Amino acid sequence: MTNAQPALSVWAFQKRNGFTLDVTFESDSSLTALFGPSGAGKTSVLNVIAGVNRPDKGRITVAGNVLTDTEKHIFVPPHLRRVGFVFQDAQLFPHLTVEQNIRFGQWFRRGEKNALPQDVIVGVLGIGHLLKRRPATLSGGEKHRVAMARALLSSPRILLMDEPLSGLDDARRSEIMSLIERVRDEFAVPMVFVTHNLEEVRRLASRVIRITDGHVTAVGTPAEVLGA
Amino acid sequence: MLEFSPEEWTAIELSLRVATAGTLFGLPIALFFAYALARWRFPGKVILDGFLHLPLVLPPVVTGYFLLLTFGRQGFIGKELYDLFGFTFAFRWTGAALACGVMGFPLMLRAIRLSLEAIDRRLEAAASTLGANAWWTFLLVTLPLALPGVLVGAILCFAKALGEFGATITFVSNIPGETQTIPSAIYTYTQVPGGEGQALRLAGVSVVIAMLALIVSEVLNRRIQKRIAVFE
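These protein sequence lines map, in sequence, to chains A and B.
Under the numbering used here, the first residue of the first sequence carries the number 35, and numbering increases by one thereafter.
Under the numbering used here, the first residue of the second sequence carries the number 321, and numbering increases by one thereafter.
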């Protein structure tokens, strides 16, 4: 239908606490990496896409839907954006079980016809044995997997992940990386993930947006941006 | 010694009724203002904050006097209430509940506000990206996480209300069966010869009720904490 438009296009400008974020990029890739050093503004970009922050000036479209357009005074509130967000520290609801957590977003989209089936997501992410547990009893890797399931079950048009692999040991890292690849291949939800890790970019991303000091300094394939 | 007279029973029953009503009516109001103070930015916030905490620092008699000026039969709100609905706080147990609720309000407000401020705002952001609007987010995430604070606040308010004396006696006087709560009754018994036994019994009752309230709050709080499991 509106596939002529890129899956994601971002223009955002905001000044906050002496830090200026000024980024413009587009991506049609199934897996886009926002790559750059800590403090470069990568997470701010995700917050602006998800509508958690309102930029001073900007225009955000996802799959042809305008979510933010400051010139036209458009700001779709986050709960209507259908942008899935996997937070850096998962942000699971501590008072709910894993199952209640992953059904949270599903419940708000219960009219959705093309919703991804819960048992498939639970199976792919391997969290079936955790459903009755509470988040406080989970390990870091388990929390990330539950957070991904929760976001995917809310039928997002795009999935944002903030450093989904940080704070995990090597074994867990490569496990989650394969899961991200499976999710990319099986669920056809475009993903944007934030990282400062070269290996993750090389292995996962088909398009890289390099962000330094709040500005986009390079855009391209991993080989183009990082060198072979 | 442990046989209560009908007047004493009346005072005990009235105290519990007054404290419960004052706390329950104050609770939604405290929730609203605690949320506003914790989350919103608006002009005059410092002044509102100070105003809501006034009953904590003013002499209770002054608070009672202001209530009399406002909600008494000739008060600027009390008169309207009576003319419009035939309802009055003056010299009624409802007035005692109002006085107790107002006196306990700052304690409740403070506890709820602190627990709201302790909640990670990104949990609320997570709820909104999952499709929950502001109301659902409050109901499903914010309120359950603030529940221990709400509970502690309510118990504190209830305990404070049980012990309230100055504002109540100033606002609605000391009428047995209508506004004579346990503290007013104790005061009355200490003013008459031979009332020491009665005063002592009611004092004992106060201690028992206060202890029970604290234990109940502690047990409930532990249960909630276990469910929330933030500290595991």
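Note that the Cβ used here is the ideal one computed from N, Cα and C, for glycine as well.
Here the structure is a predicted model, which is why all the values come from computation and not from measurement.
query, result
"DSSP three-state label for A/Gly254, please.", "strand"
"According to DSSP, is A/Gly261 part of a helix, a strand, or is it coil?", "coil"
"Please identify the residue among A/Arg50, A/Arg218, A/Asp62 whose C-alpha is closest to the C-alpha of A/Met182.", "A/Arg218"
"Establish whether the CB of B/Leu465 and some CB of chain A are separated by less than 8 Å.", "yes"
"Going by DSSP in three states, A/His163 sits in which element: helix, strand or coil?", "helix"
"Excluding the 5 residues flanking A/Arg241 on each side, which residues of the same chain have their C-beta closer than 6 Å to its C-beta?", "Ser61, Ser63, Thr66"
"Applying the criterion that 16 or more other CB atoms from any shown protein chain within 10 Å of the CB defines a buried residue, is A/Met35 buried or exposed?", "Interpretation of A/Met35 is limited by its pLDDT of 45, a score under 50 that renders its predicted location unreliable; the figure taken from the coordinates is listed afterwards. Burial call: exposed."
"With B/Gly497 and B/Thr330 assumed to form a contact (beta carbons below 8 Å), what rounded beta-carbon distance in angstroms separates them?", "5 Å"
"What separation, rounded to the nearest whole angstrom, lies between the Cα atoms of A/Val79 and A/Leu172?", "29 Å"
"Between B/Ala419 and B/Val492, how many whole angstroms is the CB-CB distance? I'm expecting something under 8 Å.", "7 Å"
"On the CB-based measure, 16 or more other CB atoms within 10 Å of its CB, does B/Leu518 come out buried or exposed?", "Inspection of the sequence shows that residue 518 of chain B is occupied by Gln rather than by Leu. Counting Cβ neighbours within 10 Å, B/Gln518 comes out buried, since at least 16 surround it."
"When DSSP labels each residue in this structure, what does A/Val180 get in the three-state scheme?", "helix"
"Under 9 Å, CB to CB, which of the residues in the segment 435–456 of chain B have a partner in chain A?", "Asp440, Arg442, Leu443, Ala445, Ala446, Ala447, Ser448, Thr449, Leu450, Gly451, Ala452, Asn453, Ala454, Trp456"
"I need the boundaries of the alpha helix (DSSP H) containing B/Ser335, first residue and last residue.", "326–359"
"A/Gly139 CB to nearest chain B CB: under 8 Å?", "yes"
"Excluding sequence positions up to five away, which residues of its chain have a Cβ less than 8 Å from the Cβ of A/Ala149?", "Gln140, Arg143, Leu187, Ser189"
"Straight-line CA distance for A/Lys91 to A/Gln39?", "21 Å"
"Using only the heavy atoms of the ligand MG, determine whether one of them is closer than 7 Å to the beta carbon of B/Pro380.", "The ligand MG is absent from the structure shown, which contains no ligands of any kind."
"Does the distance from the CB of B/Val525 to the CB of B/Ile332 come in under 8 Å?", "yes"
"Would you be able to state if there are at least three C-beta pairs under 8 Å between the segment 196–214 of chain A and the segment 157–175 of chain A?", "yes"
"Looking at the unbroken beta strand (DSSP E) that takes in B/Thr490, where does it start and where does it end?", "Run containing B/Thr490: none in the beta strand (DSSP E); it sits in the alpha helix (DSSP H), 486–492."
"Helix, strand or coil: how does DSSP classify A/His249 here?", "strand"
"Name the chain B residues whose beta carbon is nearer than 7 Å to that of A/Phe142?", "Leu450, Gly451, Ala452"
"What did DSSP end up calling A/Met35 once you bin it into helix, strand or coil?", "Reliability fails at A/Met35, whose pLDDT of 45 lies under 50, so the model's placement of it is uncertain and the value that follows must be treated cautiously. The answer is coil: DSSP assigns A/Met35 none of H, G, I, E or B."
"Determine the DSSP secondary structure at A/Glu197, reduced to helix, strand or coil.", "coil"
"Can you check which of these residues, A/Asn51, A/Pro89, A/Ser72, is closest to A/Val57 by C-alpha distance?", "A/Pro89"
"Name the chain B residues whose beta carbon is nearer than 9 Å to that of A/Ala84?", "Ala445, Ser448, Thr449"
"Using DSSP's beta-bridge definition, name the partner residues of A/Val44.", "A/Phe59, A/Ile94"
"With a CB to CB cut of under 8 Å and the five nearest residues on each side skipped, what residues in its chain are close to B/Leu434?", "Gly469"
"Are the C-beta atoms of B/Val461 and some chain A residue less than 8 Å apart?", "yes"
"Here's the rule: buried if 16 or more other CB atoms are within 10 angstroms of the residue's CB, otherwise exposed. What is B/Glu552?", "Any reading at B/Glu552 must be qualified, since the residue scores a pLDDT of 36, below 50, and its modelled position is unreliable; the value itself is stated next. B/Glu552 is exposed by the Cβ-count criterion."
"State the Cα-Cα distance for the pair A/Arg115 and B/Leu378, rounded to the nearest angstrom.", "49 Å"
"So with CB distances below 9 Å, who are the chain B contacts of A/Arg184?", "Ala446, Leu450"
"Please classify A/Leu68: does DSSP put it in a helix, a strand, or coil?", "strand"
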